[in-house]
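K.L.:
Sequences listed follow chains D and U, in order. Quick note on numbering: the first sequence equals residues 1 to 163 in our numbering. Quick note on numbering: the second sequence equals residues 1 to 282 in our numbering. Glycine included, each C-beta is placed from N, C-alpha and C at the ideal position.
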Amino acid sequence: MSHSPKSSFLEEAIGLLVQHFGMKRVRAALAKVAIGGDEEGQKAPRRSVSRDQRPTRPTVANALELIRGSDPEKHRLLSEFFGRLKDRKTLPDSEDIRHFAQLIGLKDIEGKSREDMIPTLMRFLLDHPSERLQTDLQSADKISEQERQQGFSVLTDKLLGEK
Amino acid sequence: MAVCVSMINMKGGVGKTTLATQLAWHATRQLDKKVLLVDLDPQANASQSVMSPKTYVTYLDDGGLTVADVFEQFTPTGTTAGSPRKLDPLKAIYNRVKYRDGSLLDIVPSRLELSFTLRNPTGKETLLPRFVAKIEERYDLIIIDCSPTDSILTDAAYHSSRYILVPIRAEFLASIGFPLLNRSIKAFQMRHEDKTIEVCGLVFNDFNRGNLKREHRLARKDVEDKATQYGWHVFENDIPHSDSYFRAARDGMPIDRTKGAHHIVKTEFAAFAAEFFGGIGL
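#1: Would you call the CB atoms of E275(U) and F235(U) closer than 9 Å?
#2: Indicate the three-state DSSP secondary structure (helix, strand or coil) for K98(U) in the structure shown.
#3: Which of the three DSSP states is assigned to P129(D) in this structure?
#4: Give me the chain U residues within the contact set of K158(D), using Cβ-Cβ distance strictly less than 9 Å, ordered along the chain.
#5: What does the alpha-carbon distance come out to for the pair D32(U) and G111(D)?
#6: Does any residue of chain U have a CB that is nearer than 9 Å to the CB of I104(D)?
#7: From V50(U) to L19(U), what distance separates their C-alpha atoms?
#8: Report the residue from W232(U), F188(U), L173(U), R250(U) whose alpha carbon sits nearest the alpha carbon of L218(U).
#9: So, T66(U) versus D39(U), is the Cβ gap smaller than 9 Å?
#10: Could you check what DSSP says for D69(U) in three-state terms: helix, strand or coil?
#11: Determine, for Q150(D), whether the minimum Cβ-Cβ distance to residues of chain U falls below 9 Å.
#12: According to DSSP, which residues form a beta bridge with I142(U)?
#13: Which of helix, strand or coil does DSSP assign to F269(U)?
#14: Name, going along the chain, the residues of the segment 250-277 of chain U whose beta-carbon falls closer than 7 Å to a beta-carbon of chain D.
#15: Check F204(U) in the structure and name its three-state DSSP category.
#16: Put L104(U) into one of helix, strand or coil per three-state DSSP.
#17: For the segment 181-266 of chain U, which segments carrying the alpha helix (DSSP H) assignment without a break, of at least 4 residues, lie completely within its bounds, in sequence order?
#18: In the DSSP assignment, the beta strand (DSSP E) including V166(U) goes from what residue to what residue?
#19: Would you say Q22(U) faces chain D, with C-beta separation under 9 Å as the test?
#20: What does a CB cutoff of less than 6 Å around D206(U) pick up in its chain, not counting 5 residues either side in sequence?
#21: Residues in the same chain with beta-carbon distance under 8 Å from E125(U), minus the five sequence neighbours each way, listed in chain order, please.
#22: Could you tell me whether any Cβ in chain U is nearer than 9 Å to the Cβ of E95(D)?
#23: Confirm, please, whether the CB-CB distance from L181(U) to L282(U) is below 9 Å.
#24: Give the residues of chain D in contact with R29(U), contact being defined as C-beta atoms less than 7 Å apart.
#25: For chain U, check one thing: does any of its Cβ atoms lie closer than 9 Å to the Cβ of K142(D)?
#26: Put E115(D) into one of helix, strand or coil per three-state DSSP.
#27: State the DSSP-derived secondary structure class of A140(D), mapped to helix, strand or coil.
#28: One question on the structure: do R162(U) and V5(U) come within less than 9 Å of each other, judged by their Cβ atoms?
#29: Is the beta carbon of A27(U) less than 9 Å from the beta carbon of I143(U)?
#30: Is R98(D) helix, strand or coil by DSSP?
#31: Check I35(D) in the structure and name its three-state DSSP category.
#32: So with CB distances below 7 Å, who are the chain D contacts of Q43(U)?
#33: Candidates L114(U), L105(U), Y56(U), D150(U): which alpha carbon is nearest G177(U)'s?
#34: Using the Cα positions of P167(U) and N208(U), report the straight-line distance between them to the nearest angstrom.
#35: State buried or exposed for F21(D), treating a residue as buried only when at least 16 other CB atoms are found within 10 Å of its CB.
#36: Report the rounded CA-to-CA distance for K54(U) versus Q48(U), giving the unit in angstroms.
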């Protein structure tokens with residue numbers, strides 16, 4: 001199978017990077033720069049753009065796969081979290097995601113639907129410091145409309161010493 | 001050095017806490033600033049709003065320090081147990097959020113026990129400015145949300161601040177409290193000639209949009225006339241009433257990220273914030 005000049009150049013460039021930085025660091029760097037969101041959320045490419053020129057944007061799942069070798073613990077935590085997000089077991093509403101974003105330091109999370117926001121959130125978390133990841137992910141489970149509505153009783157119980 | 005602004009009005013219910021928390025959010029998120037909010041009201045509404053009630057209660061249960069500890073740090077029976085000892089200022093600061101661009105929102109929470117300070121206030125008014133002096137280099141902006149009293153707490157806020165922002169409702173009882181505020185500030189300035197403190201302006205707050213009835217118009221005119229007499233600026237941008245501010249308080253969210261907040265509400269608040277922050281050079 002013959003390679004195009006572009007493919008050869010890409011392989012040569014990656015080979016040099018791997019030689020200089022090592023496979024682990026190159027994979028980690030790729031994971032950081034390559035994620036563009038879920039394929040479902042992407043617009044269809046214009047017909048005038050040829051297949052070869054089309055930018056490749058890995059899905060969240062692919063991006064997670066890229067860090068499997070370089071950071072297995074982060075991969076485990078985020079894969080589990082991604083699964084729970086998809087199943088609506090955590091942050092079930094778009095409002096919950098907005099709240100979570102303002103808790104973990106994601107300043108702007110655009111998109112109206114929950115599905116629009118998930119890739120942005122996951123991309124942010126992939127770049128999150130490992131030492132904060134576990135704590136922040138745990139806090140997601142405490143976010144819900146019901147929790148927010150309980151504020152009044154929580155405070156009155158505290159003030160009256162009933163709990 | 002941080003710019004320090006106090007929200008002061010002796011009248012309760014004029015929107016000091018709402019304004020303080022929303023301005024803190026705005027400076028952090030829109031202006032990318034490092035912001036500290038100091039809750040100087042024993043009711044601790046700013047703390048409950050910014051931290052969320054559950055987090056606030058957990059923080060207290062875990063022995064988190066508050067502004068009450070700042071005032072009572074040398075009191076043998078203070079809220080910090082045991083002998084009086086110096087307080088580590090950073091231990092009284094709770095980080096609400098830190099963004100990757102370095103901007104952040106911190107809060108010094110309050111608690112009901114701050115009201116004990118009012119019972120034995122002697123010499124405590126300098127403890128807050130000393131606390132602020134120790135931590136201000138970490139911030140661009142410090143906002144103090146004051147309680148609606150003229151007390152040791154107000155004096156402490158005056159001592160700590162460069163500017164005072166006065167939220168006011170255009171209604172009779174609110175407007176007659178306005179000269180009391182002028183007297184309080186003047187009395188402080190006379191007692192502390194070396195201290196530079198300035199009313200950066202008044203903002204009309206929490207009125208029905210597009211429904212300026214007679215009582216509102218009369219009260220507004222009274223306040224504007226007095227402001228002119230005192231040489232105090234009245235901000236051009238008002239903050240009309242919106243129930244979305246209640247939701248923002250409950251959810252602990254900035255108004256521009258509050259579910260259901262109408263575009264006009266966000267725009268009005270942003271216009272005021274731009275005018276206000278421009279006025280204090282932030």
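P.N.:
The structure says:
#1: Counted from its first residue, the second sequence places residue 275(U) at position 275. Counted from its first residue, the second sequence places residue 235(U) at position 235. Taking 9 Å as the Cβ cut-off, E275(U) and F235(U) qualify as a contacting pair.
#2: One-based indexing of the second sequence puts residue 98(U) at position 98. K98(U) falls in the strand class under three-state DSSP.
#3: In the first sequence, counting from the first residue as 1, residue 129(D) sits at position 129. Here P129(D) carries a coil assignment [DSSP, helix/strand/coil].
#4: Counted from its first residue, the first sequence places residue 158(D) at position 158. Near K158(D) (Cβ distances below 9 Å), the residues of chain U are P53, Y56, V57, L60, D61.
#5: Here residue 32(U) is taken as the residue at index 32 of the second sequence, counted from 1. Here residue 111(D) is taken as the residue at index 111 of the first sequence, counted from 1. Cα to Cα, D32(U) sits roughly 22 Å from G111(D).
#6: Indexing the first sequence from 1 puts residue 104(D) at position 104. So yes, I104(D) belongs to the interface.
#7: For the purposes of this step, residue 50(U) is taken as the residue at position 50 of the second sequence. For the purposes of this step, residue 19(U) is taken as the residue at position 19 of the second sequence. Each residue's alpha carbon lies about 12 Å from the other.
#8: What you label residue 218(U) is simply residue 218 of the second sequence in a count that begins at 1. Among W232(U), F188(U), L173(U), R250(U), the Cα nearest to that of L218(U) is on L173(U).
#9: Taking the second sequence and counting its residues from 1, one reaches residue 66(U) at position 66. Taking the second sequence and counting its residues from 1, one reaches residue 39(U) at position 39. Going by beta carbons, T66(U) and D39(U) fall inside the 9 Å limit.
#10: Counting from one through the second sequence, the residue named residue 69(U) turns up at place 69. DSSP places D69(U) within a helical segment (H, G or I) once states are collapsed to three.
#11: For this step, residue 150(D) is matched to residue 150 along the first sequence. Output row for Q150(D): interface = yes.
#12: The residue you call residue 142(U) lines up with position 142 of the second sequence. In the DSSP output, where bridge partners are listed per residue, I142(U) has C4(U), L36(U).
#13: Reading the second sequence from its first residue, position 269 is the one you call residue 269(U). Looking at F269(U) - three-state DSSP - the assignment turns out to be helix.
#14: Result list: R250, D251, M253, R257, K259.
#15: Along the second sequence, read from residue 1 onward, the residue named residue 204(U) stands at position 204. It is a strand residue.
#16: By one-based count along the second sequence, residue 104(U) stands at place 104. Of the three classes helix, strand and coil, the one that applies to L104(U) here is strand, per DSSP.
#17: The alpha helix (DSSP H) runs lying completely inside the segment 181-266 of chain U and spanning 4 residues or more are 214-230, 244-251, given in chain order.
#18: The residue you call residue 166(U) lines up with position 166 of the second sequence. Its beta strand (DSSP E) spans residues 163-168.
#19: One-based indexing of the second sequence puts residue 22(U) at position 22. Not closer than 9 Å to any Cβ of chain D, the Cβ of Q22(U) fails to qualify, so no.
#20: As a working note, residue 206(U) is residue 206 in the second sequence. Here the set comprises G15, R169, H241.
#21: Position 125 of the second sequence holds residue 125(U). Beyond the five residues adjoining it in sequence on each side, E125(U) comes within less than 8 Å, by CB distance, of I152, D155, A156, H159 in the same chain, given in chain order.
#22: By 1-based counting over the first sequence, the position of residue 95(D) is 95. Closer than 9 Å to some Cβ of chain U, the Cβ of E95(D) qualifies, so yes.
#23: The residue given as residue 282(U) occupies position 282 in the second sequence. The residue given as residue 181(U) occupies position 181 in the second sequence. In this structure, the beta-carbon distance from L282(U) to L181(U) does not fall below 9 Å.
#24: Counting from 1 along the second sequence, the entry for residue 29(U) is found at position 29. Those within 7 Å of R29(U) in chain D are K107.
#25: By one-based count along the first sequence, residue 142(D) stands at place 142. For K142(D), the nearest beta carbon of chain U is closer than 9 Å to its own beta carbon.
#26: Counting from one through the first sequence, the residue named residue 115(D) turns up at place 115. Three-state result, E115(D): helix.
#27: Here residue 140(D) refers to the residue found at position 140 of the first sequence. A140(D) sits in a helix when the DSSP states are folded into three classes.
#28: Locating residue 162(U) in the second sequence gives position 162, where the first residue counts as 1. Locating residue 5(U) in the second sequence gives position 5, where the first residue counts as 1. Cβ distance < 9 Å, so R162(U) and V5(U) count as in contact.
#29: One-based indexing of the second sequence puts residue 27(U) at position 27. One-based indexing of the second sequence puts residue 143(U) at position 143. Going by C-beta atoms, A27(U) is nearer than 9 Å to I143(U).
#30: Taking the first residue of the first sequence as 1, we reach residue 98(D) at position 98. Under the three-state reduction of DSSP output, R98(D) falls in the helix class.
#31: Stepping through the first sequence from its first residue, residue 35(D) is reached at position 35. Confidence is the limiting factor: at I35(D) the pLDDT is only 47, short of 50, which leaves the residue's position unreliable, though a coordinate-based value still follows. I35(D): coil per DSSP, three-state reduction.
#32: The residue given as residue 43(U) occupies position 43 in the second sequence. Residues of chain D with a Cβ closer than 7 Å to the Cβ of Q43(U) do not exist; the shortest Cβ-Cβ separation is about 10 Å.
#33: Indexing the second sequence from 1 puts residue 177(U) at position 177. Distance check between G177(U) and each of L114(U), L105(U), Y56(U), D150(U) places D150(U) closest, using alpha-carbon atoms only.
#34: Taking the second sequence and counting its residues from 1, one reaches residue 167(U) at position 167. Taking the second sequence and counting its residues from 1, one reaches residue 208(U) at position 208. P167(U) and N208(U): Cα-Cα distance of roughly 15 Å.
#35: On the first sequence, residue 21(D) is found 21 positions in, with the first residue counted as 1. Exposed.
#36: The count along the second sequence starts at 1 and reaches residue 54(U) at position 54. The count along the second sequence starts at 1 and reaches residue 48(U) at position 48. So the alpha carbons of these two residues sit roughly 8 Å apart.
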